[in-house]
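Numbering (full-length UniProt numbering), first residue to last: 1 to 735. Positions of the beta carbon are idealized from the N, C-alpha and C atoms, including for glycine.
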């Protein structure tokens, strides 16, 4: 160790012996205060190729300790040898020690107090000084390691790191590195520059000044991060300053310049969140939050309208329109209690183009599709959990004359409740059985519905493309899945039974035609008003009812139309009589009213009304029960058998006499002139030559009605039920 230089790196220079000794003692105390055993800095056990164990001479230790007080120069030299806690000497090879690069330990004291002398040729230290001392790489906020240009997105990160203001103890060799200037003078940075004294005597820390241990330079992080281009080009922001001779003057000049003050203001605003980028991000986030609130209201309105099954759009949706449709009108109503939505609607009214409204037709359709996908995914998850399901398929023609294919899945959910859910509604380009099957396969493949293994039943109407045994939809499905039993829709079968009943006799056709004629005649506004007037007069405590029209698809509507005529018969008859005698009406109206009044006053009309009312009182409740989603197959067949038994009970002489008596009672209560069958004179055929006797029998009007109308109607409906449901009853044999 050179006696003219200290371990800390200071050169003796012109110091006398006394001052030099004091410096060496001070450095020795500091170094011992912060030093630990050298073995604690190694993470892995050290293996050597050759070791020699020697006893440690204690006398040598005492001699060294005695010499430390006599020769000041040996104080730093002795620090190359570390004394362990057990009194042994750890001798380190000075040739393998390099202060700036790596540390090599050639000698390690073993646990038994012996000295291991390791061969320096076969050992290389694996740990650098970064593991032992605080090197420049240990400071994450070292501005010397920062990029030259800091992007805006990283400003907050580097500001969070803070200033790098290490003390000498935290640095390598526990001092700030010294450099020589152009005059040969040795200078270094001092920690006193971290603070400054204000005019009032208080001490303030320079929060902008940052020292770089890796470059031995000072930086202004305010100018480096937040400075304008001119501020970033200054030496303290770009490359740092190491002019330690003029450091005080440079620091004071820098912290008072305009560019630095602007950077400090930007830094303060950035830390206080009063900055443009934060405001832009906050404004964007606020806009997103507002749009989400608006979208929630829009979705709620769409769900409400869809649940109520009402139209969304109006004929005129402009801002000046008085009725913009259900969707926009409901939004305007909710906007009165929703400030964000009201502000959004006001902006839409002020701007005409290039605006995000979330209310357009495309937005409505997209949101409805998203909502439909969410509901469908939930349904399909329940179907997969159920394991088995059946399908109900039907088609209908929309207003555009396109065939719409409707697929409904029936299954049992996890709560053991029967569910019927609409899964898809698609346009059918081909209405044949094969075309229906291809569309069915496409829908099930799109939604991952395993119908080949989980489908247990299929239910359609009686169309040939659906139930055809050769090329119908059910046949194509059963080829892939024979277990998919086909069941004709019971509600549709009952509808067909009613159709057969209504068309089986001339009298029933005439009766239903008369009911339809009355509905058509009473459709006019003034006639309906007069009918309501007589209802209030004849039935002041009853509810006002209007005449019902026949439906071409639901034949149960015939029963509702007959019920209205039966219940409001007195008011209807008075209305027709008034219209047939009114002087202010045209002759066509008077003629039709007179004809209809005579028709409904006849006993034949009354008894036909009683007959059809009795039949519909059995078939209409049955049809409603068969359309219930909670009805099972066996219960449906039981209800059908009960209805058939009721009709068979009516098909008797006692049933006919009960019907005739009910018709006579009704006619008497209504004060009709005709309270029984009108007897018609029997026309005898001319007896021709060769004929011996007359073979014609004389039949009463009641008997003729019983045999030609009453029994025919009941036989037709009973046989239709037996024929159309016989195939369904065969399924019970397999249960």
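Same chain only: Cβ atoms within 6 Å of residue i, ignoring 5 sequence neighbours per side
i, result
"residue 344", "294"
"residue 254", "236, 260"
"residue 396", "404"
"residue 5", "11"
"residue 320", "none"
"residue 402", "427"
Chain-order list of residues whose beta-carbon lies under 7 Å from that of residue i (same chain, five-residue window excluded)
i, result
"residue 605", "511, 514, 599"
"residue 577", "597"
"residue 207", "163"
"residue 465", "431, 432, 433, 436, 472, 473"
"residue 19", "none"
"residue 650", "614, 714"
Residue i classed as buried or exposed, judged by whether at least 16 other C-beta atoms fall within 10 angstroms
i, result
"residue 212", "buried"
"residue 243", "exposed"
"residue 172", "buried"
"residue 332", "exposed"
"residue 537", "exposed"
"residue 678", "exposed"
"residue 377", "exposed"
"residue 284", "exposed"
"residue 661", "exposed"
"residue 433", "buried"
"residue 166", "buried"
"residue 492", "buried"
"residue 455", "buried"
"residue 234", "buried"
"residue 391", "buried"
"residue 522", "buried"
"residue 229", "exposed"
"residue 143", "buried"
"residue 415", "exposed"
"residue 619", "buried"
"residue 458", "buried"
"residue 248", "exposed"
Range covered by the alpha helix (DSSP H) that runs through residue i
i, result
"residue 643", "633-650"
"residue 332", "326-335"
"residue 451", "451-454"
"residue 474", "473-480"
"residue 180", "Run containing residue 180: none in the alpha helix (DSSP H); it sits in the beta strand (DSSP E), 178-180."
"residue 393", "No alpha helix (DSSP H) holds residue 393; the beta strand (DSSP E) holding it covers 389-397."
"residue 702", "701-705"
"residue 355", "No alpha helix (DSSP H) holds residue 355; DSSP gives it neither H nor E."
"residue 161", "155-161"
Nonlocal neighbours in the same chain, by C-beta distance under 8 Å from residue i, ignoring five residues either side
i, result
"residue 712", "504, 505"
"residue 500", "716, 717, 720"
"residue 203", "195, 196, 197"
"residue 368", "302, 306"
"residue 340", "290, 293, 294"
"residue 297", "331, 334, 338, 341"
"residue 726", "none"
Sub-8 Å separation of residue i and residue j beta-carbons
i, j, result
"residue 543", "residue 575", "no"
"residue 630", "residue 561", "no"
"residue 572", "residue 616", "no"
"residue 409", "residue 440", "no"
"residue 507", "residue 608", "yes"
"residue 516", "residue 539", "no"
"residue 159", "residue 271", "yes"
"residue 676", "residue 603", "yes"
"residue 622", "residue 494", "yes"
"residue 407", "residue 424", "yes"
"residue 706", "residue 666", "no"
"residue 193", "residue 251", "yes"
Span of the beta strand (DSSP E) around residue i
i, result
"residue 506", "First-last for residue 506: 506-521, but that is the alpha helix (DSSP H), not the beta strand (DSSP E)."
"residue 489", "It is not in any beta strand (DSSP E) - residue 489 carries neither H nor E in the DSSP assignment."
"residue 622", "Run containing residue 622: none in the beta strand (DSSP E); it sits in the alpha helix (DSSP H), 603-626."
"residue 218", "217-220"
"residue 209", "209-212"
"residue 195", "195-197"
"residue 188", "186-188"
Paired residues, beta bridge with residue i - DSSP
i, result
"residue 202", "DSSP output for residue 202 lists no bridge partner at all."
"residue 418", "412"
"residue 11", "5"
is_contact[residue i, chain D] using C-beta, thresh 8 Å
i, result
"residue 551", "Among the chains in the structure shown there is no chain D, since it carries only a single protein chain."
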